Each structure stands twice: as structure tokens, then as C-alpha cells.
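Asks:
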Amino acid sequence: METLSEQAALMRESMQKSQSVTDNMVAILGSFDHRLSSLETAMRPTQLRTHSIRRAHENIDKTLKVAEAILGQFDLKRQAEAKILRGPHEDLESYLEAVDQLRNIVRFFSGNKSLKSSIRVINQANNLLGRAIFKLEEEFRQLLTSYSKPVEPDRLFDCLPNSLRPSAASPSVDGHGPKPHSEHQTRSLETVVYHPPALIPARIMPLLHDLAQQMVEAGQQQQLFNIYREARSSAVEQTLRKLGVERLSKDDVQKMQWEVLEAKIGDWIHFMRIVVKLLFVAEKSVCDQIFDHESLRDQCFAEVTANSVAMLLSFGEAIAKSRRSPEKLFVLLDMYEIMRELQPDMDIIFASKYCGEMRGAAKVLVKRLAQTAQETFGDFEEAVEKDATKTAVLDGTVHPLTSYVINYVKFVFDYQLTLKQLFNEYNDGDEDEQLASITTRIMQALQNNLDGKSKQYKDPALTQLFLMNNIHYIVRSVRKSEAKDLLGDDWVQIHRRVVQQHANQYKRISWSKILQCLSIQGLQGGSGSFGDGGSTTNVSRAMIKDRFKTFNIQFEELHQRQSQWTVPDTELRESLRLAVAEVLLPAYRSFIKRYGVEKIH
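The opening position of the sequence shown corresponds to residue 375 in my numbering, with each subsequent residue numbered one higher.
1. Nearest-angstrom Cα distance between E807 and V655?
2. With H, G and I counted as helix, E and B as strand and the rest as coil, what does DSSP make of I1025?
3. Which of the three DSSP states is assigned to G900 in this structure?
4. Can you tell me where the alpha helix (DSSP H) holding E856 begins and where it ends?
5. Can you list, in chain order, the residues of its chain with a C-beta nearer than 6 Å to that of Y789? Leave out the 5 residues immediately preceding and following it.
6. Can you have a look at Q673 and say buried or exposed, based on whether 16 or more other CB atoms are within 10 angstroms of its CB?
7. Helix or strand or just coil, what does DSSP make of H869?
8. What do you reckon, are the CB atoms on S623 and A736 nearer than 7 Å?
9. Between P700 and the rest of its own chain, which residues show a CB-CB distance below 6 Å, the 5 nearest in sequence each way excluded?
10. By DSSP, does V567 sit in helix, in strand, or in coil?
11. With 16 other CB atoms within 10 Å as the buried threshold, where does N536 fall?
12. Considering only residues of the same chain and omitting the five flanking positions on each side of P527, which have a CB-CB separation below 6 Å?
13. On the DSSP letters alone, give me the boundaries of the alpha helix (DSSP H) that N926 sits inside.
14. Express the C-alpha separation of A684 and M732 in angstroms, rounding to a whole number.
15. Could you check which residue in G770, K887, V779, F724 has the C-alpha nearest to that of A819?
16. Among L889, E948, E930, which residue has its Cα nearest to the Cα of S964?
17. Determine the extent of the alpha helix (DSSP H) in which L652 is found, giving its start and end residues.
18. Compute the Euclidean distance between the alpha carbons of V941 and K919, then round it to the nearest angstrom.
19. Using CA coordinates, which residue listed in S607, T750, N823 is at the minimum distance from K658?
20. Is the beta carbon of M917 closer than 7 Å to that of H876?
21. Do you know whose CA, among H773, A766, M709, G770, lies nearest Q745's CA?
22. Within this structure, are the beta carbons of V678 and T613 separated by less than 7 Å?
23. Any idea if L534 is buried or exposed, counting beta-carbon neighbours within 10 angstroms, 16 or more meaning buried?
24. Classify I966: buried if its beta carbon has 16 or more other beta carbons within 10 angstroms, exposed otherwise.
25. With H, G and I counted as helix, E and B as strand and the rest as coil, what does DSSP make of G730?
26. For the alpha helix (DSSP H) containing E715, name the first residue and the last one.
27. Suppose you measure from the CA of W632 to the CA of V705; what does that come to, to the nearest Å?
28. Where does the unbroken alpha helix (DSSP H) through D532 begin, and where does it stop?
29. Output the boundary residues of the alpha helix (DSSP H) element that contains N536.
30. For the structure I just gave you, are there three or more beta carbon pairs, one from the region 505-522 and one from the region 585-604, closer than 8 Å?
31. What three-state label does DSSP hand L796 in the structure shown?
32. Helix, strand or coil, according to DSSP, for W939 in the structure here?
33. Looking at C-beta atoms only, is the number of pairs between the region 869-887 and the region 842-860 that lie closer than 8 Å three or more?
34. What is the C-beta distance between F665 and A586, in whole angstroms, given that I count them as a contact (C-beta under 8 Å)?
35. Could you check whether the Cβ of F787 sits closer than 6 Å to any heavy atom belonging to the ligand SAH?
36. Looking at the unbroken alpha helix (DSSP H) that takes in V627, where does it start and where does it end?
Here's what the structure looks like:
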């Protein structure tokens, strides 16, 4: 127990000491807190001063940076001003950089208008910019004008595919139609590649682009448009004049001799291909490279090319509206073909809304050429039937009208794909049937006219020979041409029988009287007798002698007359000679056998 009591006393004593130590530590810590608070209070002014100094330093740094930026802008302004005053001729790229610097300076001071000098600097910079843009405008005008020269024709010809260059042109055939379609066949076998020329050197294009861009940014679009239109439209129009393009009216066309007009139409077809596929494509490329703004670019291109397009199409319109004549059909079809060929190119090149009038004018010309070609083809049938030429074919050979019409029809079939396309687009019904129908009517019109011309002959035998020669020529020509496929075998067979009918009629009319001289009719019932050698009795020697004399006279007259006549086809001539011999020789031999010459004496 005593031990426990002692231990308890010690524990109480220890706890009292710990409490005393704790109280002392609290007192000490309380003293520290008080002293720290006093120290913090004493240090606060120092902290405030240090923070102020730090902020002051930051403000000074910012101010120095602003001042440095401002001074830098003033320095840039001086540099830009020096470049502007020197002008763009020495170093255009550096001049353009100076213009950009001036714009940046204006933007800088416009955002720092609190600075006393901002307004003054902005005004100075704007004045300098105004002078710079004026000089840029003059530089753009001078640079564009100096490189906007007409393209020489030979340079354009060199950009064409080989088959379309002037030296490759085919001559006209028989004076009818501009060219056979061998040219079209040659082109179809060749890969046709066009190489539009560079109208302005590649090294100049970036400079023109940058100048144009600066003028746009300065709000000088109208001045830019005017300068570009004046320089480039003049170059394009001069190029057309160098090629030989003329603005001709319907009256001008009407006054021209056909040979002159035909040559001009051939040239126009060539020019259309050159201008659309080379010159306009190249011009559009120039526009696209200079202008970034789509609307301005399209408007400039439209204005540059409008007059040239009108000049080209006006010639086509004049031809389409001029007086129709058969020989114009093929050039009309050629013109229709080239317009159809170029239509997709024109739709692409003149795709913008500013070129709508040009696209419309091209489509109108295509339709007008098609209409005039159809009307001319229809007129030809009537012209053939009513042809009243007094050209006499004295020897009964093929009439010039026949050869002309057949050559015409051959050319028609050279253009049959074009005609079928034309019929398909502007007429109802099957195009093959339409072409066959018109061709059949033309052939019938020719035969009707030949029937009329055959009546000019006083000798009915020559009438039949004339018709035989001409119908045979028609049939033979059709059989050797593509017309046979449309007209058909039945047509050919029918007209071969017509030829044979005329040959039979010729044979009957020419030789019937002579054959009568070799006939026994009228010789029987005479008073004489030839005895046992003769084939008949009661025929006088005088009558036989008279028959021989008459035969010889008529034969000689017929020979003299018909030796002036012609059967130009060798095969037909031989066939006719054999047919006459088959009738005449047996009759002659029979007569000689029956009434031998020796029995007359």
C-alpha cells in the first residue's frame, strides 16, 4: 500500500511539473506571437515599398517596350518614306514592302491614338500611302502596257496541232464545197493537243499580281479595271487584225464574189479555232493570275474579250443572213461544225455571269447556221428541178447539171454526220429517213429536169441516148458512194432498168428503119425469079438493088450523125454496141444469104 501511495505522490508531482512547463511554454509562445505581430507591423511599410518598386520596374519595362515599339514604327516610317520617295522603278518588290509597312504603321497608331503624335503620324502615313498608290497605279499601267503586245500569227500557228496548221489545209474539190472530210479524218487519227501561248512573261506575272492586289487594298478597283481593260482589249483586238479578222456586214458579204467569200469563210473557221482554243484561253490565264478577286477577274476578262467575240460572231451572222445559194450549204455546215466543236470550250471560258451575252450570242449563231443550212439544202431540190440553163450537150453525153448534182450529193454524204446531228436537234423524226428522203427528192428533181432538157433534141434517138447516159451516170455514182446505203438496192435496181429501157428505145428508134431495108416485107410478089439459088421467087433485081442502096445510104447517114454522139462510159458503150450488133448483123447476114449481091447482077 505504502508503495502505491508513494508512486501516486510521485505521479502527482510529475504532472504538476508538466503543467508548470506547459504554462511556461504557452507564456513563451504568447510572447513570440506578440513580438512577431509587432515585427510584421514594423515590416509592412517596407513590403509596400518593395511591391511599389517592383510595379514601378514593370511599368518602366512596359513603357520602355512601348517606347521602343513607337520608336521602331517611326524608324520604319522613315525607311518606308525613303523607299516611297525613290519610286518603284529601281526595286519594285522593296517598294511594295514599303507600302505594306505604311499600312501597318497606320494600323499601329490607329490603335494608339492616346499618343500625342498619333494623329499627325497617321495623317503623314496616309498621305504617303496616297502618293505610293498613285505611283503603283502608274507602274501597273506602264508594266502591263509594255507587255500587252499583239501576238504574231506565226506564233499562234505554232501552237496548233500539226494537222490544223495552214500548210496542212486541203484544197477544195471541183470548186464545190470548201474541203473534203479527209481533214476531219486526219484529225480524228491524231491526238489533238493545243498549247496556248504565254501572253506575258512568267517573271512579270507575280509583279502585276502584287501591284493589282495593292490597288485593290487601296480601294482602286475601278482604276485597276480601266487600266486592264484598255491595255488587254487593245492587244487582243490587234492580234485579231493581224490574223486577218474583219468586221463584215451582210451587205459586205452580198457584194463579194463567191470565190473571195469562200476563202474568207475558210479563214474564219480557222480563226475561230485559233482565237477560242488559244488566244482566249491564254487571255483567261493572264486574268486568273493577276486577280485574286473572282468578281473583278471575271468582269475584266469579259470586257477584254467582248468586242473580239462580237467581231468574230458578226461574220457568221452575216453569212447566215445573206442570200441563200446551193454552193453555200457546205460552208454553212463547216461553220456549224466549228461552232458545235467550240461550244464546250466557250461554255467553260465564258462561264461567268458577265459573259452571259457572249454565250447567248454563240448559241444563237449555232441555231441560225443550222436553220440556214437546212433551208439551203431544201432550196437545192427546187433549184435542181427548175434549173433552166440552156447549155446544149450536142453529143448526148452527161450534162453538167448531172455531174454537179452528183458531186453535190457526194459532198452531202461527206457531211452526213453533221446533217444527221442537225436534223436530230432541230427536226422531228428519224435523221436517216430525213436524209434519205431529201436525197431521193433531189435525184427525182434531177431526172425531171433531164427529161425536160432531153426534149431539146430534134432526133428522138439522141433524146434516148442522152437520158441513158445521164441516168447511167447517176446510178453508177450512187452505187460507188455512201448514198447507196440510204437510197437502197431497190432504188438502184429500178434505175438500172430505166437505163436499159432508154438503151432499148435508142436501139429501136435508131435502127428500125435500117432493119426494114433488110426485111423481106414488100419484096414478095414481084415478077422476076432467081432460080434455084434464090430463097424466094417473084423478087425483081431492081427491088433488091434498091434495098441495098437504101440500106447503104441510111447506114452512112446514121454513121455520120451518130459518130458525133458520145457514150462516155466504156462498159455501157460496149454493151450498146453489142446490142445493136446482135440485131443488125443477123438481119444483114440473113438478107445477104437470101438475096446475095452476086444474084443481083
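From the three backbone atoms N, C-alpha and C, an ideal C-beta is built for every residue, glycine too. Computed from a predicted structure; not experimentally measured.
Replies: Reading it off the structure:
1. Along the sequence shown, read from residue 1 onward, the residue named residue 807 stands at position 433. Along the sequence shown, read from residue 1 onward, the residue named residue 655 stands at position 281. Taken atom to atom, the span from the alpha-carbon of E807 to that of V655 is near 40 Å.
2. With the chain covering only 375 through 975, there is no way to say anything about residue 1025.
3. Against the sequence shown, residue 900 aligns to sequence position 526. At G900 the pLDDT is 45, less than 50, meaning the model places this residue with poor confidence and gives no usable figure here.
4. For this step, residue 856 is matched to residue 482 along the sequence shown. Taken as a continuous stretch (DSSP letters only), E856 belongs to no alpha helix (DSSP H), as it is neither H nor E.
5. Within the sequence shown, residue 789 is the residue found at index 415, counting from 1. Once the five neighbours on either side are set aside, the close Cβ partners of Y789 are L707.
6. By 1-based counting over the sequence shown, the position of residue 673 is 299. So Q673 counts as buried.
7. As a working mapping, residue 869 is identified with position 495 in the sequence shown. It is helical.
8. By 1-based counting over the sequence shown, the position of residue 623 is 249. By 1-based counting over the sequence shown, the position of residue 736 is 362. With a cutoff of 7 Å on beta-carbon distance, S623 and A736 are scored as not near each other.
9. Residue mapping note: residue 700 aligns to position 326 of the sequence shown, counting from 1. If we look at P700 and ignore the five residues flanking it on each side, its Cβ neighbours are F754, A757.
10. As a working note, residue 567 is residue 193 in the sequence shown. In the three-state scheme derived from DSSP, where H, G and I count as helix and E and B as strand, V567 is classed as coil.
11. Your numbering for residue 536 matches position 162 in the sequence shown. Counting C-beta atoms within 10 angstroms of its own C-beta, N536 has fewer than 16 neighbours from the protein chains shown and is therefore classed as exposed.
12. Numbered from 1 along the sequence shown, position 153 holds the residue referred to as residue 527. Around P527: K616, L617.
13. One-based indexing of the sequence shown puts residue 926 at position 552. Residues 915-936.
14. Translated into the one-based positions of the sequence shown, residue 732 becomes position 358. Translated into the one-based positions of the sequence shown, residue 684 becomes position 310. Counting only the Cα atoms, A684 lies some 8 Å from M732.
15. For the purposes of this step, residue 819 is taken as residue 445 along the sequence shown, with counting starting at 1. With distances taken between Cα atoms, A819 lies closest to V779.
16. Within the sequence shown, the letter at position 590 stands for residue 964. Closest option to S964, Cα to Cα, is L889.
17. Here residue 652 corresponds to residue number 278 of the sequence shown, with the count starting at 1. Element bounds for L652: n/a, residue is neither H nor E.
18. On the sequence shown, position 567 is the one that residue 941 refers to. On the sequence shown, position 545 is the one that residue 919 refers to. The alpha-carbon atoms of V941 and K919 are separated by roughly 34 Å.
19. Here the question's residue 658 lines up with position 284 in the sequence shown. The shortest Cα separation from K658 among S607, T750, N823 belongs to S607.
20. The residue you call residue 876 lines up with position 502 of the sequence shown. The residue you call residue 917 lines up with position 543 of the sequence shown. Between H876 and M917, the gap from beta carbon to beta carbon reaches 7 Å or more.
21. Within the sequence shown, the letter at position 371 stands for residue 745. It is M709 whose Cα lies nearest to the Cα of Q745.
22. Working through the sequence shown from its first residue, we reach residue 678 at position 304. Working through the sequence shown from its first residue, we reach residue 613 at position 239. Their beta carbons are not under 7 Å apart, which means V678 does not touch T613 by this criterion.
23. Here residue 534 corresponds to residue number 160 of the sequence shown, with the count starting at 1. Classified as buried, L534 has 16 or more neighbouring CB atoms from the shown chains inside 10 Å of its CB.
24. Counting from one through the sequence shown, the residue named residue 966 turns up at place 592. By the 10 Å Cβ count, I966 comes out exposed.
25. Counting from one through the sequence shown, the residue named residue 730 turns up at place 356. Here G730 sits in helix by DSSP.
26. For the purposes of this step, residue 715 is taken as residue 341 along the sequence shown, with counting starting at 1. Run containing E715: 702-723, per the alpha helix (DSSP H) assignment.
27. Mapped onto the sequence shown, residue 632 falls at position 258. Mapped onto the sequence shown, residue 705 falls at position 331. If I take the Cα positions, the gap works out to 11 Å.
28. Working through the sequence shown from its first residue, we reach residue 532 at position 158. Its alpha helix (DSSP H) spans residues 527-532.
29. Here residue 536 corresponds to residue number 162 of the sequence shown, with the count starting at 1. Per DSSP, N536 belongs to no alpha helix (DSSP H) and is neither H nor E.
30. Yes: at least three Cβ pairs fall under 8 Å.
31. On the sequence shown, residue 796 is found 422 positions in, with the first residue counted as 1. In the three-state reduction of the DSSP assignment, L796 falls in the helix class.
32. Your numbering for residue 939 matches position 565 in the sequence shown. W939: coil per DSSP, three-state reduction.
33. Flag = yes, the region 869-887 and the region 842-860 touch.
34. Counting from 1 along the sequence shown, the entry for residue 665 is found at position 291. Counting from 1 along the sequence shown, the entry for residue 586 is found at position 212. Their Cβ separation, rounded to whole angstroms, is 6 Å, which keeps F665 and A586 in contact under 8 Å.
35. Among the components of this structure there are no ligands whatsoever, and the ligand SAH is therefore not found.
36. Within the sequence shown, residue 627 is the residue found at index 253, counting from 1. Annotation: the continuous alpha helix (DSSP H) that includes V627 extends over 624-629.
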